[in-house]
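These notes are about the structure you will find just below.
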């Protein structure tokens, strides 16, 4: 299940390639984009199946409500643009036209989080998971690498229901190999540990793995839980790891308000109250910069995470 | 249409109006103004212009039904009364309108009631959904049409014009929109609140065919719908209507957009609507 080849691969290209492959198998798949088909990689589908591809121009609200109409007729629409515009601009269309009717629309948004980079705050969705997961009927998934994205997109095509799938702009190292199968009910224990638990997903999983190596050298053994499905969420894996280590840290490329960290807090406060520290962006907007520079500034690189987790662990144990 | 049929349809419209008033009175809430302005168009569409299958999905030809979407979902009372009239459900259910547990939600819900294609209520989204259905039906080579009913105030939503652009771009000739042009919205006259200007010219500029009619004239409605079906472009039928039509004290009164009549008003309205 785990990859031995640590090359970095584009999550977006996993989406584009898989979508084009699925288009061949399933004639009901249709794809919509809002003038970003090169960036989102839906262009691969557009070239293969032009009659089933609808470029809606820079009009996200119309794109989402049109997708609802296509779904009404039994199509499986994949609607893509940047996470900011997919969820922010078209939130109410997603809520009222798609989710309320429980239409089978897959919203696959790229460029989630601060790793949008140089384009800056206006394009960096840090609230998308929060506003998507509060919508009834909506499943929310944040895959971590190329192979998980492939599996998630296949899952989305094969299972009914509105879904929000958030992809990062970055190239990420392979964590899983081709045999990995996404299971929405199951978080994945990436590493056993005893001192504290880190729950993460998306591109920050690779950073947490790096942090774990640094921390191991300092004698701290962390448990890593990868939680690709934020809604519904695997309550058992979260409570189990909290019971085991007694201290949970969440890491996400998203605001600490409303995303994975909040989801974990909700689960634990109702099932096994434990101390939780949420790491993400702190109720703030992003800014321009190279991806790694921003990850460093917002404390999301392996090194920065290791420093922070080390300090927090010391504080916790000196009490 | 012969004279008898026309008389019968006009009679049906009067009955629908009585039911609309009754439903809103019973519910102690609802939207009489914009429901009454829609009566002739919805009745004519369901009776004369659309291929309908009131037993919903039990008919083998069901997939060829013409789709109807009430984008101005607040005219739901009229839609429900028309659907009951043409056999989608029992007329006795009309008195559950807007009550807890009803299939007849304040604004139409496709999860609650068979015959509702998509849930509506939040203005501006119905045209996009209708065009999505139209695009899917073209992919499926389904010859049916999609009818969508818009409010005039609703045209203030930007989403409408995004959808208008897309329907023309994708040549959705199976899409027929009606605009219920009664000239009023909740806060007052449309021309005072946010002037729409020349609606026909706007739609034409977006690449649509337009037809202007009297929205209370059944023959004009039928002729326009039949013409629109043959068009090579998406067509909008701009129907001049009277908000509150049929009840003298509700006609052209903004205040009757979204309130129920009291007992005296109810009785007065029902008297005016007697056969």
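Protein chains in written order, with this note's numbering: chain L, 2 to 320; chain A, 6 to 280. Backbone N, C-alpha and C define an ideal beta-carbon position, used for all residues, glycine too. Computed from a predicted structure; not experimentally measured.
Under 9 Å between C-beta atoms of residue 4/A and residue 67/L: Coverage of chain A is limited to positions 6 through 280, which leaves residue 4/A absent and any answer about it impossible.
Chain-ordered neighbours of residue 256/L on chain A, where CB pairs are closer than 8 Å: Taking the first residue of the first chain as 1, we reach residue 256/L at position 255. Against residue 256/L, chain A offers no close residue; the least beta-carbon distance is about 26 Å (beta-carbon pairs closer than 8 Å).
Identity of the residue in 220/A, 227/A, 275/A and 234/A nearest residue 39/A by Cα: Counting from one through the second chain, the residue named residue 39/A turns up at place 34. Checking every option, the nearest Cα to that of residue 39/A belongs to 220/A.
Nearest neighbour of residue 171/L, chosen from 319/L, 181/L and 203/L [CA to CA]: Along the first chain, one-based indexing puts residue 171/L at 170. Closest by alpha carbon: 203/L.
Residues within the region 105-120 of chain A neighbouring chain L, beta-carbon criterion of under 9 Å: Only 114, 115 and 116 from the region 105-120 of chain A bring a Cβ to less than 9 Å from some Cβ of chain L.
Contact list for residue 216/A against chain L, beta-carbon separation under 7 Å: Numbered from 1 along the second chain, position 211 holds the residue referred to as residue 216/A. Correct list: empty, because the minimum Cβ distance to chain L is about 23 Å.
Neighbourhood of residue 151/L by C-beta, 7 Å cutoff - its chain only, sequence neighbours within 5 removed: Translated into the one-based positions of the first chain, residue 151/L becomes position 150. 15 and 19, listed in sequence order.
Spatial neighbours of residue 238/A in its chain, beta-carbon cut-off 8 Å, leaving aside the 5 residues before and after: Taking the second chain and counting its residues from 1, one reaches residue 238/A at position 233. The residues are 173, 176, 178, 212, 213 and 214.
6 Å Cβ shell around residue 119/A - same chain, five flanking residues per side excluded: The residue labelled residue 119/A in the question sits at position 114 within the second chain. So the list reads 61, once near-sequence residues are dropped.
The region 147-154 of chain A / the region 41-53 of chain A touching (three or more Cβ pairs under 8 Å): Result yes; three or more Cβ-Cβ pairs closer than 8 Å.
Per-residue burial, residue 102/A [other beta carbons within 10 Å of its own, 16 or more giving buried]: The count along the second chain starts at 1 and reaches residue 102/A at position 97. It is buried - the Cβ of residue 102/A has at least 16 other Cβ atoms within 10 Å.
Listed by chain order, chain A residues near residue 20/L by CB distance under 9 Å: Locating residue 20/L in the first chain gives position 19, where the first residue counts as 1. Counting only Cβ-Cβ distances below 9 Å, residue 20/L has no contacts in chain A at all, with the closest Cβ about 17 Å away.
Which of helix, strand or coil DSSP assigns to residue 172/A: Here residue 172/A refers to the residue found at position 167 when the second chain is read from its first residue. Helix.
Chain L within 9 Å of residue 144/A, Cβ atoms only: The residue given as residue 144/A occupies position 139 in the second chain. Yes, contact with chain L.
Under 9 Å by beta carbon: chain L residues contacting residue 45/A: The sequence position of residue 45/A within the second chain is 40, counting from 1. None at all; the shortest Cβ gap to chain L is about 26 Å.
Own chain, CB closer than 7 Å to residue 179/L, minus 5 neighbours either side, in chain order: Locating residue 179/L in the first chain gives position 178, counting from the first residue. Cβ neighbours of residue 179/L beyond the five flanking positions: 148.
Chain L within 9 Å of residue 212/A, Cβ atoms only: Residue 212/A sits at position 207 when you count from the first residue of the second chain. Taking Cβ atoms only, chain L never reaches closer than 9 Å to residue 212/A, which makes this a no.
Any C-beta of chain L under 9 Å from that of residue 55/A: Counting from one through the second chain, the residue named residue 55/A turns up at place 50. Chain L has no Cβ within less than 9 Å of the Cβ of residue 55/A.
Given residue 121/A as reference, the closest of 130/A, 127/A, 109/A and 196/A once Cα atoms are compared: Counted from its first residue, the second chain places residue 121/A at position 116. A check of alpha carbon separations from residue 121/A across 130/A, 127/A, 109/A and 196/A identifies 109/A as the nearest.
Chain A contacts made by the region 25-36 of chain L, where a contact means CB separation under 8 Å: Listed by position, the residues of the region 25-36 of chain L near chain A (Cβ gap below 8 Å) are 31.
Own chain residues within Cβ distance below 6 Å of residue 124/A, not counting five before or after: The residue labelled residue 124/A in the question sits at position 119 within the second chain. Same-chain partners within the cutoff: 114 and 115.
Whether residue 266/L touches residue 206/L by CB criterion (9 Å): As a position in the first chain, residue 266/L is number 265, starting the count at 1. As a position in the first chain, residue 206/L is number 205, starting the count at 1. No.
Chain-order list of residues whose beta-carbon lies under 7 Å from that of residue 87/A (same chain, five-residue window excluded): The residue given as residue 87/A occupies position 82 in the second chain. Once the five neighbours on either side are set aside, the close Cβ partners of residue 87/A are 21, 47, 48 and 51.
Neighbour flag for residue 161/L against chain A, beta carbons, 9 Å: Here residue 161/L is taken as the residue at index 160 of the first chain, counted from 1. It does not: the Cβ of residue 161/L has no partner Cβ on chain A nearer than 9 Å.
Three-way DSSP call (helix, strand, coil) for residue 167/L in this model: Taking the first chain and counting its residues from 1, one reaches residue 167/L at position 166. Three-state result, residue 167/L: strand.
Exposure label - residue 106/A; buried when at least 16 CB within 10 Å: Position 101 of the second chain, counted from the start, is the residue given in the question as residue 106/A. By the 10 Å Cβ count, residue 106/A comes out exposed.
Interface flag, residue 129/A vs chain L, CB-CB below 9 Å: In the second chain, counting from the first residue as 1, residue 129/A sits at position 124. For residue 129/A, the answer is yes, since a Cβ of chain L falls inside 9 Å of its Cβ.
Per DSSP, cross-strand counterpart(s) of residue 190/A: Taking the first residue of the second chain as position 1, residue 190/A is located at position 185. Its beta-bridge partners are 193/A.
Identified DSSP bridge partners for residue 227/L: On the first chain, position 226 is the one that residue 227/L refers to. Per DSSP, 189/L and 201/L.
Helix, strand or coil at residue 9/L according to DSSP, with G and I counted as helix: Reading the first chain from its first residue, position 8 is the one you call residue 9/L. DSSP places residue 9/L in strand when its eight states are reduced to three.
8 Å contact criterion, which residue 255/L and residue 130/L should meet: CB distance rounded: For the purposes of this step, residue 255/L is taken as the residue at position 254 of the first chain. For the purposes of this step, residue 130/L is taken as the residue at position 129 of the first chain. Contact holds; Cβ gap of about 5 Å.
CB contact check: residue 65/L to chain A, cutoff 9 Å: Numbered from its first residue, the first chain carries residue 65/L at position 64. At a cut-off of 9 Å between C-beta atoms, residue 65/L counts as an interface residue with respect to chain A.
Endpoints, alpha helix (DSSP H) assigned at residue 84/A: The sequence position of residue 84/A within the second chain is 79, counting from 1. That run of the alpha helix (DSSP H) goes 81-90.
CB contact check: residue 79/L to chain B, cutoff 9 Å: Among the protein chains of the structure shown, namely L and A, there is no chain B.
Own chain residues within Cβ distance below 6 Å of residue 276/L, not counting five before or after: For the purposes of this step, residue 276/L is taken as residue 275 along the first chain, with counting starting at 1. Excluding residues within five positions, the ones whose Cβ falls inside 6 Å are 248.
Cβ-Cβ distance between residue 193/A and residue 246/A below 9 Å: Here residue 193/A is taken as the residue at index 188 of the second chain, counted from 1. Here residue 246/A is taken as the residue at index 241 of the second chain, counted from 1. No, they are not a contact pair.
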